[in-house]
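For reference, the structure discussed in these notes is given below.
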Amino acid sequence: MPLLSLLGLIGCTDPTSLSTTTDTDTGSWVTTSQMCTEPPRKSACDNQASIVQGHAHVPDGVGPTTGTLVIAMMHAAMGDPDTGGHPHWLWTFPDVDLSEPVPFRVDMCEGNAIMWSEENCGFNLIALLDTNGDNGLAGPAMYHPAVGEPATLVPFDLSCHAEGATCLGTLELDCTDGDDCLQTASPGMCTCAEDTCESEAAICEP
0 MPLLSLLGLI GCTDPTSLST TTDTDTGSWV TTSQMCTEPP RKSACDNQAS
50 IVQGHAHVPD GVGPTTGTLV IAMMHAAMGD PDTGGHPHWL WTFPDVDLSE
100 PVPFRVDMCE GNAIMWSEEN CGFNLIALLD TNGDNGLAGP AMYHPAVGEP
150 ATLVPFDLSC HAEGATCLGT LELDCTDGDD CLQTASPGMC TCAEDTCESE
200 AAICEP
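Now the structure itself:
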């Protein structure tokens, strides 16, 4: 199911035009294993647990380091595991230089329906460096990196019961093999958690 079909099926929490969301705030924060100790920006659903943040970095010698950072939040239990799952939302951060770690902050509740892991299981976060302008919500390639563009994929969960934002640390964009960088194992059936989050949309089975 394409992203536009999913958006039409489950609706938006705050209707907006279909355009790329840009966050140019590059403030820093101190991280623990899972949380960020500096409060992130306001959550679109008034729950800081919807925020995911980290740093993106291209290691020396991997490939280009300048372009547009694209962050795609994917539903691991939907879509094709060979390309990271099904997109929930995408964000772009233009004119970055990832030769040094660059911070990003994204919000699961921004743009699309509220879909916590309790009712929707795990997420994958794709980070890629777009060097030819074809990625993002408005781009024909969306979250698919071209061969030669640095990318990575990191799994995570988002629980409404978490105490704050999830910090993924520094993501090393060390793969340049196109969609091969997005391959994951099939997650199997998504089973509903005992503790509900009353998500606006749910894909889990009891």
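According to numbering that gives the first Met the number 0, the stretch in the sequence shown is residues 0 to 205, in order. Beta carbons: idealized from backbone N, C-alpha and C, even for Gly.
- Three or more beta-carbon pairs drawn from the region 180-195 and the region 75-95 are found closer than 8 Å, and the two stretches are therefore classed as touching.
- With fewer than 16 other beta carbons inside 10 angstroms of its own, residue 160 counts as exposed.
- Taking 8 Å as the cut-off, the Cβ atoms of residue 196 and residue 88 do not count as close.
- Per DSSP, reduced to three states, the secondary structure at residue 134 is strand.
- A distance below 8 Å between beta-carbons, with the five flanking residues on each side excluded, links residue 157 to the following residues of its chain, in chain order: 48, 49, 51, 107, 115, 116, 122, 165.
- Shortest Cα-Cα distance from residue 145 to any of 43, 174, 124 involves 174.
- Under the 10 Å beta carbon count, residue 190 is surrounded by fewer than 16 other beta carbons and is classified as exposed.
- Shown here for residue 65: same chain residues with a beta carbon closer than 6 Å to its own, the five before and five after excluded, namely 96 in chain order.
- Residue ranges of uninterrupted beta strand (DSSP E) with 3 or more members, entirely inside the region 87-118 and ordered along the chain, are 101-106.
- When the beta-carbon positions are compared, residue 203 and residue 119 come within less than 8 Å of each other.
- For residue 111 and residue 74, the gap between their C-alpha atoms comes out near 12 Å.
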